[in-house]
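First up is the structure itself, then whatever we jot down about it.
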Amino acid sequence: MPDAAAAALYVVYVVVELLIAVFSVLGNVLVCWAVGLNSNLQSITNLFVVSLAVADIAVGVLAIPFAILISTGFCSNFYGCLFIACFVLVLTQNSIFSLLAIAIDRYIAIKIPLRYNGLVTGERARGIIAVCWVLSIAIGLTPMMGWHQPPGNGTCAGGLMPCLFEEVVVMEYMVYFNFFACVLIPLLLMLGIYLCIFMAARHQLKLMEAKAAPGGKSPSVLQKEIQAAKSLAIIVGLFAVCWLPLHIINCFTLFCPACARPPPWVIHVAIILSHANSVINPFIYAYRIREFRQTFRKIIRRHVLGRQELPPSRSSGRSARASVRGSARITANGLGAGRGGAGEGPAHASPVGGGLMTASSLPLSVVIAHCPKMRPCQAQGRADGDKRTLGSARAAPLLSESDLSELENGS
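The UniProt record's numbering puts the sequence shown at residues 1 to 411.
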């Protein structure tokens with residue numbers, strides 16, 4: 001009976017791992033497809049997202065099947081088994097480094113937005129991605145260079161040995177090097193980075209509150225603070241939940257050899273959680289972004305379901321354009337009249353470099369004031385009727401067809 005129960009649990013483990021592999025591949029392929037299809041998503045920030053997605057695709061295609069294979073204890077050559085174990089570490093380690101790279105990119109974009117485009121260039125981003133892969137390969141293949149269990153006499157035929165993870169990889173490497181240096185430190189760095197981002201966002205919200213509402217916080221400000229706190233908890237919490245259990249088990253194995261070993265189902269759950277991080281990543285870094293969601297819908301409708309998108313009606317298009325241009329005229333007139341004196345600071349802008357977080361654009365009046373080639377810029381001192389013409393004349397170039405169609409779909 002115990003053998004039958006263990007076999008049933010193992011079957012459940014394999015099925016869950018295969019499901020994770022399928023969803024990891026599908027979700028991350030969708031992310032890469034969306035970036036390749038939508039030019040608005042082809043930003044420097046999304047280079048890191050694509051690198052993360054590629055690593056997670058490899059987890060689904062190779063790492064999870066290798067993990068299932070090595071859990072069977074199949075007969076293998078020592079170094080062949082060691083390579084399979086190390087290959088799993090390479091892919092999962094790159095996923096961790098990609099998460100850290102995205103966190104650093106977000107920190108630069110939010111903390112020093114005006115210097116983001118100068119600091120984070122496409123060439124530097126590709127170089128960082130290459131460094132992440134090289135470091136992951138070096139860390140994952142370190143046991144192949146000699147830091148491994150001594151090869152023993154195999155019990156299988158032909159001098160082969162049962163291929164099990166702990167039979168080839170030493171726990172000192174997994175705990176001191178892989179966990180403490182390559183998992184725990186990135187986790188703490190991400191915690192600190194996202195905490196700094198949260199504090200900076202909260203400080204900016206307080207400044208906005210002090211300027212806008214002297215009588216107390218508005219509901220929108222409170223909602224933004226709560227949303228920022230939730231994002232911080234999701235990003236850091238899910239990373240810890242997915243990766244810490246497996247490494248905690250390794251720590252008990254190393255530091256308490258006399259302690260009872262955890263049952264196999266506990267180890268299987270810990271392995272599943274570490275692999276499930278590859279499924280979660282598309283949701284927390286891509287699926288929450290509106291541009292990604294809209295592109296996903298287009299891909300699914302057009303390429304999966306084979307449906308053709310219906311063109312927007314002319315009446316709705318005219319009404320959307322009229323409402324947008326009307327609001328742009330009002331914005332231009334209002335901001336043009338209320339810019340204040342010379343003592344006021346520059347207009348607020350938050351270029352976050354890639355669309356992972358919402359960017360606030362410059363006020364329309366500021367854009368108009370810096371367009372010497374546009375005729376309306378020469379008429380800033382005219383009457384109110386000319387101001388309305390000014391707003392409508394500059395509003396049209398600011399709004400692309402994709403923006404107008406998005407408003408039409410939203411209505």
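We put the CB at the ideal spot given by N, CA and C, even for glycine.
Proximity below 8 Å, CB of residue i to CB of residue j
i, j, result
"Ala55", "Ser95", "yes"
"Pro282", "Gly27", "yes"
"Cys81", "Val11", "no"
"Ser274", "Thr92", "yes"
"Gly140", "Cys86", "yes"
"Val25", "Val61", "yes"
"Asn40", "Glu291", "yes"
"Leu47", "Thr295", "no"
"Tyr107", "Ile193", "yes"
"Leu135", "Phe97", "yes"
"Val170", "Gln149", "yes"
"Ala53", "Val31", "yes"
As assigned by DSSP and simplified to three states, the class of residue i
i, result
"Cys86", "helix"
"Cys81", "helix"
"Ser43", "coil"
"Cys163", "coil"
"Cys75", "strand"
"Gly306", "coil"
"Thr121", "coil"
"Gly146", "coil"
"Arg106", "helix"
"Ala55", "helix"
"Leu141", "coil"
"Thr155", "coil"
"Val131", "helix"
"Asn94", "helix"
"Ile112", "coil"
"Asn28", "helix"
"Asn178", "helix"
"Val50", "helix"
"Val12", "helix"
"Val22", "helix"
"Val236", "helix"
"Val170", "coil"
"Phe296", "helix"
Proximal residues to residue i (C-beta, below 6 Å), its chain only, five neighbours per side dropped
i, result
"Phe179", "His247"
"Cys156", "Cys75"
"Ile68", "Val14 and Glu17"
"Val175", "Asn250, Cys251 and Leu254"
"Ile137", "Val90"
"Leu9", "Trp265"
Whole-number beta carbon distance between residue j and residue i, since they are thought to touch under 8 Å
i, j, result
"Ile129", "Ser51", "5 Å"
"Ile299", "Trp33", "6 Å"
"Ala109", "Val88", "That pair is no contact at about 32 Å."
"Ile267", "Ile249", "6 Å"
"residue 432", "Ile57", "Since the first residue of the chain shown is 1 and the last is 411, residue 432 is not available in this structure."
"Asn77", "Leu160", "6 Å"
Beta-carbon contacts of residue i that lie in its chain and below 8 Å, excluding the five residues immediately before and after
i, result
"Leu238", "Asn277, Ile280 and Ile284"
"Cys74", "Reading off the sequence, residue 74 comes out as Phe, not Cys. Once the five neighbours on either side are set aside, the close Cβ partners of Phe74 are Pro162 and Cys163."
"Ile234", "Ile284"
"Met190", "Leu99, Leu100, Ala103, Ile235, Val236 and Phe239"
"Cys242", "Leu273, Ser274, Ala276, Asn277 and Ile280"
"Thr121", "Ile44"
"Lys111", "Cys196, Ile197 and Ala200"
"Pro65", "Ala21"
Same chain only: Cβ atoms within 7 Å of residue i, ignoring 5 sequence neighbours per side
i, result
"Tyr173", "Thr142, Pro143 and Trp147"
"Phe165", "Ile70 and Ala85"
"Ala6", "Pro264"
"Val59", "Ser24, Leu91, Thr92, Ser95, His275 and Ser278"
"Cys259", "Phe252"
"Gln42", "Val35"
"Pro245", "Ala270 and Leu273"
"Val183", "Ile96, Trp243 and His247"
"Arg307", "Arg301"
"Phe83", "Met144"
"Trp133", "Asn94"
Exercise for review: Taking only runs that begin and end inside the region 246 to 292, name each unbroken alpha helix (DSSP H) of 4 or more residues, in chain order.
Suggested key: 264 to 282
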